[in-house]
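Comments concern the structure below.
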Amino acid sequence: MRSRTSLLRRLALAIVLVAAVLPSWAHAQVRIPSAALADVAELENVFRVGDQLEQEQRWGEALSHYEKARKEHPGRQELEHRLTVARFHYEVVRRYSDSSFIETVQTIGEQGALDLYGEVLLKIQAHHVQRADWNELLTRGLIAMEVAIAEPSFRAKHRINVRESDSQLLLSEIRQHLESRPVYSRHDARKRVGEVADAFEQRFRIPAAVIIAEFTCAAAASLDDYSAFLTGNQLDDVLSQIEGNFVGLGIELKADDQALRIVSVIPGGPAGEAGIRSGDRIVEVDGQSTRDISTDVAADMLKGIEGSFVNLVLLDRKDDARRMRLARRRVDVPSVDNIELVDKDYGIGYFRLTSFQKTTNRDVDAALWKLHEQGMRSLIVDVRGNPGGLLTASVEVADKFVSQGALVSTRGRSSGEDFDYKAHAVGTWRVPLIVLIDGDSASASEIFAGAIHDHRRGTLVGTRSYGKGSVQGIFPLSLANAGVRLTTAKFYSPSGQAISQRGVSPDVEVKASDQTVVAKPIEELLPVADQHHDAALTASLQIARQQLTQR
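Our numbering puts the first residue of the sequence shown at 771, with every later residue one more than the last.
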């Protein structure tokens, strides 16, 4: 990692230069606002932490770190650049631990790789919400190539022994060449990438198909934060999430200090049957310590074909270790869980919406009728930590509580992506409603929360949602076992507010402590008056009781 001049030193130098050109009477007037100094100090800390994560090649954590920093310091070019580089590192590490991608690269050949690149560009031209800048996609492809050559997994797989100075020289020559010959169409871009690939193959003996594959992945990833190239395995995972089932152990994971912390365990899955509980940490996968490999690679090692086995070492909350061997199998993932009457005296029901998938409409209906039969008089719907899912599923859930009017609108580059979704009066539940949201409530969760908020149908409690106001389409590719996820439209709440970068604001803000685990079973959150467990849930119960008392 090259050394960086301290931002504070650069700011101090700028202050000296400004003072030098001011007239003598103005020297005493120079004041740097304390807020500006604080902002610079915060950024200095962001880059210091980022440097450490990058040096340790913890790219998933670096990516999350820079994404969070960008929200707090928007418009910073250095942050944007670091975010791009971290994302490319993260993706190349994932791809080169993915057997489906490696098989594609090894078998497709140069002409097949160029055809695949052309197919991806065609999908981008036809479906992405914004018109593509082909020159920008080529520039990002060069950054991706620079990242790949520096990445150990990439170098090892292709037996690359190239000095950094030599690769940088070739990249500089290619940049100058591309700048002197701008491209005006996807056909031009395809031709240029073929030329770049040939140059790398001739000088460094890196197969042309390998180079083209990096440009192909970069083309999708460069469009926005949510568009991406999907390997065959990743495409299968996405489709499984939409269907509500997947092959695995039945656990939800989170990176935690070079281990994989188990956030939740799906009942009936291999992990649940083996006695694994939320809060346990996986520290070894098939003999490899999670300290020696990235958490992203470790998480990918847990995946596999149905019926295959994985060996784990886990630490429980007391740091007691245990070894186990689990068989991977297909697990049905409920989109609704923790269905409870959390206050039987007042009849306050609760359930958590974990995602929006094909089964969500049915799952929510079942939860509502179960709570109704138990005497539900008020309802709390928890979408904290819900990353989204199917737009249509979120519309179906919102339609259960809103009797009329718009629920969400989508607007794309073409009129074919413009839709207005409206509520239907039939089957509307009139029960008083509270919706729990937080900074990890995204996409379809925000559609649901925005509809409830704008129609004043319920009270939103928690913290501002993530702000992912866009719709993605999944497009399988015909020339390889792969696909692309592309942003096809932006969505807007019933009042016409754009969700992107803004999120949905709660009516009652309650900031949870860092110790709150949203995925806890609801019975572990009781007694409900204990704010140390879940302050937002406690506040929601207080609001619900007050509403019922006033009726």
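Note that beta-carbon positions come from the ideal geometry of N, C-alpha and C, so glycine has one too. Computed from a prediction, not measured in an experiment: that's the story for all the values here.
From the DSSP output, in three-state form, read off residue i for me.
| i | result |
| --- | --- |
| Ser1179 | strand |
| Gln1325 | Beyond the ends of the chain as shown, which are 771 and 1321, falls residue 1325; an answer cannot be given. |
| Pro1104 | coil |
| Arg871 | Checking the sequence, you will find Phe at residue 871 rather than Arg. Helix. |
| Arg1315 | helix |
| Gly1197 | coil |
| Trp795 | Here the model assigns Trp795 a pLDDT of 42, short of 50, so the residue's position is not dependable, and the following value carries that caveat. Helix. |
| Met915 | helix |
| Glu1110 | strand |
| Phe1079 | strand |
| Phe1126 | strand |
| Glu1013 | helix |
| Lys893 | helix |
| Tyr1120 | strand |
| Val1241 | strand |
| Gln1320 | helix |
| Ser1310 | helix |
| Gln876 | helix |
| Pro1040 | helix |
| Glu1279 | strand |
Look at the Cβ atom of residue i, then the Cβ atom of residue j, and state whether they are nearer than 8 Å.
| i | j | result |
| --- | --- | --- |
| Leu1019 | Arg1031 | no |
| Lys1260 | Ala1268 | yes |
| Lys1128 | Leu1160 | yes |
| Val855 | Ala839 | no |
| Leu912 | Arg865 | no |
| Val875 | Ala983 | yes |
| Leu1249 | His897 | no |
| Val1278 | Gly1220 | no |
| Arg828 | Leu908 | no |
| Leu1111 | Gln1058 | no |
| Ile1150 | Tyr1191 | no |
| Ala1168 | Phe1218 | yes |
| Ser1263 | Tyr996 | no |
| Ala1025 | Gly830 | yes |
| Gln895 | Arg956 | yes |
| Arg1098 | Gly1117 | no |
| Glu921 | His859 | yes |
| Ala1029 | Arg1051 | yes |
Span of the alpha helix (DSSP H) holding residue i?
| i | result |
| --- | --- |
| Lys838 | 829 to 842 |
| Phe970 | 956 to 974 |
| Val980 | 978 to 991 |
| Glu949 | 934 to 950 |
| Lys927 | 922 to 927 |
| Ala856 | 847 to 865 |
Using only alpha-carbon positions, find the residue among the options that is nearest to residue i.
| i | options | result |
| --- | --- | --- |
| Leu1000 | Glu921, Val862, Ala1069, Leu1085 | Val862 |
| Ile976 | Gly879, Thr1124, Ala1029 | Gly879 |
| Ala989 | His1303, Ser1148, Met915 | Met915 |
| Gly1158 | Tyr1120, Asp1113, Phe1189, Ser1215 | Ser1215 |
| Ala1163 | Ala1044, Arg925, Asp1133, Gly1155 | Asp1133 |
| Leu941 | Val966, His851, Ser1078 | Val966 |
| Asp1027 | Arg1047, Ile1063, Leu993, Gly1057 | Ile1063 |
| Asp1107 | Val1153, Leu1177, Tyr1191 | Val1153 |
| Leu1096 | Glu1043, Ile1118, Lys1088, Asp1086 | Glu1043 |
| Arg960 | Thr986, Ala969, Gln972, Glu971 | Thr986 |
| Arg1147 | Leu892, Ser955, Gln1317, Gly882 | Gln1317 |
| Glu1054 | Val890, Gly1045, Met1071 | Met1071 |
| Ala832 | Gly845, Phe1079, Glu850 | Glu850 |
| Arg1227 | Glu906, Leu1177, Arg818 | Leu1177 |
| Asp1360 | Trp904, Arg1047, Leu1009, Lys1281 | Past the edges of the chain, shown from 771 to 1321, lies residue 1360, and the structure says nothing about it. |
| Asp1115 | Arg929, Gln881, Arg1315 | Arg1315 |
| Leu1230 | Leu1009, Pro1276, Arg929, Gly1243 | Pro1276 |
Against chain D, does residue i count as a neighbour if the rule is that its beta carbon must be under 8 Å from one of theirs?
| i | result |
| --- | --- |
| Glu1143 | The chain labelled as chain D is not found in the depicted structure, where only one protein chain is given. |
Return the first residue and the last residue of the beta strand (DSSP E) that residue i is part of.
| i | result |
| --- | --- |
| Lys1260 | 1252 to 1262 |
| Phe1171 | Looking at the DSSP string, Phe1171 is not in any beta strand (DSSP E), and its letter there is neither H nor E. |
| Ser1232 | Sequence inspection shows Gly at residue 1232; the Ser mentioned does not correspond to that position. First-last of the beta strand (DSSP E) with Gly1232: 1228 to 1232. |
| Lys1024 | 1021 to 1025 |
| Thr1001 | 998 to 1001 |
| Leu1030 | 1030 to 1035 |
| Glu1054 | 1051 to 1055 |
| Ile1222 | Premise fails: Ile1222 lies in the alpha helix (DSSP H), 1214 to 1224, not in any beta strand (DSSP E). |
| Ala1097 | 1091 to 1097 |
| Tyr1191 | 1189 to 1192 |
| Leu1247 | Leu1247 -> no beta strand (DSSP E), and no H or E assigned at all. |
Between residue i and the ligand COA, is the CB less than 7 Å from at least one heavy atom?
| i | result |
| --- | --- |
| Glu831 | For the structure depicted, the ligand COA is absent and the ligand set is empty, with no information on it obtainable. |
Okay, do the segment 1171 to 1179 and the segment 1131 to 1139 touch, 3+ Cβ pairs below 8 Å being the bar? Flag = no, the segment 1171 to 1179 and the segment 1131 to 1139 do not touch.
Under 8 Å, with one C-beta from each stretch per pair, do the segment 1192 to 1211 and the segment 1302 to 1319 reach the 3-pair mark? Contact holds: three or more Cβ-Cβ distances are below 8 Å.
The segment 1036 to 1054 in contact with the segment 1094 to 1102 per 3-pair CB rule at 8 Å: yes
Report yes or no: do the segment 1116 to 1135 and the segment 1077 to 1092 share at least 3 C-beta pairs separated by less than 8 Å? no
Quick test of the definition: if touching needs 3 or more C-beta pairs under 8 Å, does the segment 1222 to 1240 touch the segment 1269 to 1283? yes
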